[in-house]
Amino acid sequence: MARNDGSVFLNFFYELRRKELHIGLTEWMTLLEALDQGLAGSQLTDFYYLARMILVKSETDFDKFDTAFEECFKGAQKDTEVTQQMLKWLDKKELQDELAKTDRDTEWANRHSADEMKIDKDDVETKFKQRLKDQTEEHNGGSFWIGTAGATPFGNSGNYVGGVRVGGASGYQSAFEVVGARKFRDFRDDRVLENRQFQMALRRLRQFSTKLDIPKTELDIDETIHKTCNRGGLLQIEMMRPRKNAVKLLLLMDSGGTMIPYSSLVNELFQTVSKSNHFKDVKCYYFHNCIYSKVYKTPECENGDWVDTDWMFRNLSSDYKVIIVGDAAMAPEELYSTTGNYRGPNGGLSGWEWLNLLKSHYKKIIWMNPKMAPRRAPWREAETAIGQLLPMYKLTVSGLNQGMKKLMETR
Amino acid sequence: MADNYMENGFESTATYVASEQLLSAVNIAMALKKPLLVKGEPGTGKTMLAQAVADSLGKKLIIWNIKSTTKAQDGLYMYDTIQRLYDGQFGEEGVDDIARYIKLGKLGEAFESEEQVILLIDEIDKADLEFPNDLLWELDQMEFYIHETKRTVKAKQRPIVIITSNAEKELPDAFLRRCIFHYIEFPNEELMAEIVRSHYPNVEDNLLKNAMDVFYWIRSLREIRKKPSTSELIDWINALQIAGIPADQIREKLPFVGVVVKKDEDLETIQHAPR
Numbered sequence: 000m001a002r003n004d005g006s007v008f009l010n011f012f013y014e015l016r017r018k019e020l021h022i023g024l025t026e027w028m029t030l031l032e033a034l035d036q037g038l039a040g041s042q043l044t045d046f047y048y049l050a051r052m053i054l055v056k057s058e059t060d061f062d063k064f065d066t067a068f069e070e071c072f073k074g075a076q077k078d079t080e081v082t083q084q085m086l087k088w089l090d091k092k093e094l095q096d097e098l099a100k101t102d103r104d105t106e107w108a109n110r111h112s113a114d115e116m117k118i119d120k121d122d123v124e125t126k127f128k129q130r131l132k133d134q135t136e137e138h139n140g141g142s143f144w145i146g147t148a149g150a151t152p153f154g155n156s157g158n159y160v161g162g163v164r165v166g167g168a169s170g171y172q173s174a175f176e177v178v179g180a181r182k183f184r185d186f187r188d189d190r191v192l193e194n195r196q197f198q199m200a201l202r203r204l205r206q207f208s209t210k211l212d213i214p215k216t217e218l219d220i221d222e223t224i225h226k227t228c229n230r231g232g233l234l235q236i237e238m239m240r241p242r243k244n245a246v247k248l249l250l251l252m253d254s255g256g257t258m259i260p261y262s263s264l265v266n267e268l269f270q271t272v273s274k275s276n277h278f279k280d281v282k283c284y285y286f287h288n289c290i291y292s293k294v295y296k297t298p299e300c301e302n303g304d305w306v307d308t309d310w311m312f313r314n315l316s317s318d319y320k321v322i323i324v325g326d327a328a329m330a331p332e333e334l335y336s337t338t339g340n341y342r343g344p345n346g347g348l349s350g351w352e353w354l355n356l357l358k359s360h361y362k363k364i365i366w367m368n369p370k371m372a373p374r375r376a377p378w379r380e381a382e383t384a385i386g387q388l389l390p391m392y393k394l395t396v397s398g399l400n401q402g403m404k405k406l407m408e409t410r
Numbered sequence: 000m001a002d003n004y005m006e007n008g009f010e011s012t013a014t015y016v017a018s019e020q021l022l023s024a025v026n027i028a029m030a031l032k033k034p035l036l037v038k039g040e041p042g043t044g045k046t047m048l049a050q051a052v053a054d055s056l057g058k059k060l061i062i063w064n065i066k067s068t069t070k071a072q073d074g075l076y077m078y079d080t081i082q083r084l085y086d087g088q089f090g091e092e093g094v095d096d097i098a099r100y101i102k103l104g105k106l107g108e109a110f111e112s113e114e115q116v117i118l119l120i121d122e123i124d125k126a127d128l129e130f131p132n133d134l135l136w137e138l139d140q141m142e143f144y145i146h147e148t149k150r151t152v153k154a155k156q157r158p159i160v161i162i163t164s165n166a167e168k169e170l171p172d173a174f175l176r177r178c179i180f181h182y183i184e185f186p187n188e189e190l191m192a193e194i195v196r197s198h199y200p201n202v203e204d205n206l207l208k209n210a211m212d213v214f215y216w217i218r219s220l221r222e223i224r225k226k227p228s229t230s231e232l233i234d235w236i237n238a239l240q241i242a243g244i245p246a247d248q249i250r251e252k253l254p255f256v257g258v259v260v261k262k263d264e265d266l267e268t269i270q271h272a273p274r
């Protein structure tokens, strides 16, 4: 069955790949094989789960899969050829019901998203209440569009409009409801981090440590015994590379005023780093907006409670991996001026020059930014400039993972 | 799901309650002869799943626990050179027969079994990055080669392979491509009630409801660092039952809440959170 209709689903395959799900031919063939064996039953919902468990290999990708699934199988109604083949393959009535419902809901959602465009700050509260009322009514109808309401201005305000709670209560009867609920939005790896995820990300700094080029200095007891016994008791020593982590970490954290909204996030990162005992060494200093001739020992950045940045260069060798955490939000003059900043001495060099010195001293530096501008933001000149000087990532799961990878790259 | 393969398939057992999707994931993995990779929050019963599958199908379970130092070779076979040398020195017979000193690992054991077994590879992500890739051929072809004796160990009955992962490290793509993936979601209240009842069939309705309300309330608190899991709820309900706490006091006094919440900060949080 699937062999004949396989081409119908090619569109789905490419849609998934467009959504950056890296699905290979192996998985795709497995799915076709499963369809051949009739494992999808006769319902769209079963097909949804079957396809997901074969094609998607991480819960962080469930959301991408859901959106692709929704787009593909909603679009099917417009393409009559596809629809006919689809209907042959799927339970006819159920699908049509789904499509009809989808239509209604789309209209509803469109109307509402148009409303949202006009919302200003003062209006939010009233709108929120109105939305709550709407949601209750709509929920009784079992609509799935409630889930996507989580992306509205008040999406984070509570569980009422969040896709998780509302969707979860409706007891999934159809694939579209499951998809629409977008339950796995919270698992997307571009979501802002939490402590445990910090730990996981930092463990990446260990993952690659066995590939470090260190001499074989430890006695490989197992292999020595094995080789020795194999030679009838004639001793043969085997050495191996130590499994210890050789990573040394230098954490430089911005504690400027614009960082206050992120203080708990940054604090979590600091806690995680200082608690993780798998690094050879961890050093931590603070700065205010940009790095100048002094780095501070405490987040309060008080005068006198500091060390010279030069001292840091001399004492913390160039093989320290450096993570700078900051929002890079400063006026261009604060970055380029050589006449000093309002907070402390700069040693006659601008912040920009200090950053260049830092870059020339340490081989591996990344900048983690909790509120990075999406793509280019001409009004944030300092951030753009720093982003060009140092690899900059957003302080999220995927951002930190990318950053860790960057820190561990061999070249 | 289609009935034809659900017959003789995996079903929930007396002590393990699986969601609909988990049931079909297990059955599909069996039908497609692929390893089933199970991920999920700690305490959602990943490891128990394999035991339940074994019980349900009446098959033997072989567990291969992975540690950070485990190598793929450990699961295949070990050549006991020490014993051989020892035997050689004391002139034991059969020293020239190397096969006597080959000890099969868990994977080898599963291959050699006359009957189909369930093989659980537990917490595969604990090992080094290369570990899963080193097993690709063996899990695909269900065979491996013993160099010392020039013998190929081939699975007599293809074992059902269940692999669990805590997502501590990324698993290699090549390995993932060959697996069926299932993410165990945290159970909703309905399923959770069923799970608790499977452990304590006589639990009082009121007690269960109150305890579960508090439990889900704690999980919903934003400030909670470590969310309590299923196993903690089960322990808590056990404690409440043994102590004979009246159901209406649970919400107010939070007795034995230390069973559910383990961190000092979290205890602090729930003492001060509005109820």
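Protein sequence lines correspond, in order, to chains A and B. For the first sequence, numbering that gives the first Met the number 0 gives the first residue as 0, with consecutive numbering after it. For the second sequence, numbering that gives the first Met the number 0 gives the first residue as 0, with consecutive numbering after it. The C-beta atom is built at its ideal place from N, Cα and C for all residues, glycine as well.
- Residue environment for A:Asp-253: buried (at least 16 other C-beta atoms within 10 angstroms of its C-beta).
- In the structure shown, B:Asn-64 adopts extended strand secondary structure according to DSSP, grouped into three states.
- Non-local C-beta neighbours of B:Asn-64 in its own chain, meaning closer than 8 Å and more than five positions away in sequence, comprise Asp-121, Glu-122, ordered along the chain.
- Interface annotation for the stretch 10-33 of chain B against chain A: Glu-19, Gln-20, Ser-23, Ala-24, Asn-26, Ile-27, Ala-28, Ala-30, Leu-31, Lys-33, criterion Cβ-Cβ distance under 9 Å.
- Contact note: B:Lys-38 reaches chain A through Glu-58, using a C-beta cutoff of 7 Å and chain order.
- DSSP places B:Val-202 outside both helix and strand once states are collapsed to three, so it counts as coil.
- With a cut-off of 8 Å on Cβ pairs, the stretch 241-252 of chain B is in contact with the stretch 201-209 of chain B, counting three or more such pairs.
- B:Ser-230 and B:Glu-147 have their alpha carbons spaced roughly 46 Å apart.
- Contact annotation for B:Ile-179 against chain A: Met-52, Ile-53 [CB-CB distance below 7 Å, chain order].
- In this structure, DSSP gives A:Met-252 an extended state, which the three-state scheme calls strand.
- Here the C-alpha atom of B:Arg-99 lies approximately 28 Å from the C-alpha atom of B:Lys-58.
- Secondary structure note for A:Lys-215: it is in no beta strand (DSSP E), with a DSSP letter that is neither H nor E.
- A Cβ of chain B is located within less than 7 Å of the beta carbon of A:Tyr-48.
- For B:Ile-81, the nearest CB of chain A lies under 7 Å from its own CB, placing it at the interface with that chain.
- Against B:Leu-239, chain A offers no close residue; the least beta-carbon distance is about 26 Å (beta-carbon pairs closer than 7 Å).
- In the DSSP assignment, A:Leu-30 falls within the unbroken alpha helix (DSSP H) covering 24-35.
- Between A:Thr-395 and the set A:Leu-9, A:Glu-267, A:Phe-61, the nearest pair of CA atoms involves A:Glu-267.
- The DSSP-derived three-state label of A:Asn-355 is helix.
- Only residues of its own chain outside the window of five on either side were considered, and among them Leu-60, Ile-117 have a CB closer than 6 Å to the CB of B:Ala-53, listed in chain order.
- At a beta-carbon threshold of 7 Å, the residues of chain A lying near B:Arg-176 are Gly-23, Thr-25, Glu-26, ordered along the chain.
- Short of 6 Å from the beta carbon of A:Glu-217, and not among the five residues preceding or following it, lie these beta carbons of its own chain, in chain order: Met-239, Pro-241.
- At least 7 Å separates the beta-carbon of A:Val-246 from that of A:Val-324.
- Among the bridge pairs identified by DSSP, B:Asp-79 is matched with none.
- Ranking B:Lys-102, B:Glu-114, B:Phe-130 by CA distance to the CA of B:Lys-66 puts B:Phe-130 first.
- Against chain A, a Cβ distance below 7 Å from B:Leu-84 picks out Cys-228, Gly-231, Gly-232.
- Each residue's CA atom was taken as its position, placing B:Ala-109 and B:Ile-179 some 20 Å apart.
- Of all C-beta pairs linking the stretch 383-400 of chain A to the stretch 10-20 of chain B, fewer than three are shorter than 8 Å, placing the two stretches out of contact.
- Nearest in C-alpha terms to B:Ile-233, of all of B:Ile-269, B:Ala-71, B:Ile-194, is B:Ile-194.
- Exposure of A:Asn-314 is indicated by the presence of fewer than 16 other C-beta atoms within 10 angstroms of its C-beta.
- Put simply, the CB of A:His-277 is far from chain B, with every gap to its CB atoms at 7 Å or more.
- The beta carbon of A:Leu-248 sits closer than 6 Å to the beta carbons of Phe-278, Val-281, Lys-320 from its chain, once the five residues preceding and following it are set aside; these are given in chain order.
- With respect to chain B, the C-beta atom of A:Ala-33 has a partner C-beta closer than 7 Å.
- Closest in alpha carbon position to A:Thr-383, among A:Lys-73, A:Ala-330, A:Ser-57, A:Asp-221, is A:Ala-330.
- In this structure A:Met-52 is not in contact with B:His-198, their Cβ atoms being roughly 27 Å apart against a cut-off of 8 Å.
- In the DSSP assignment, A:Tyr-335 falls within the unbroken alpha helix (DSSP H) covering 331-335.
- Contact annotation: in the stretch 86-99 of chain B, residues whose CB is within less than 9 Å of a CB in chain A are Gly-87, Gln-88.
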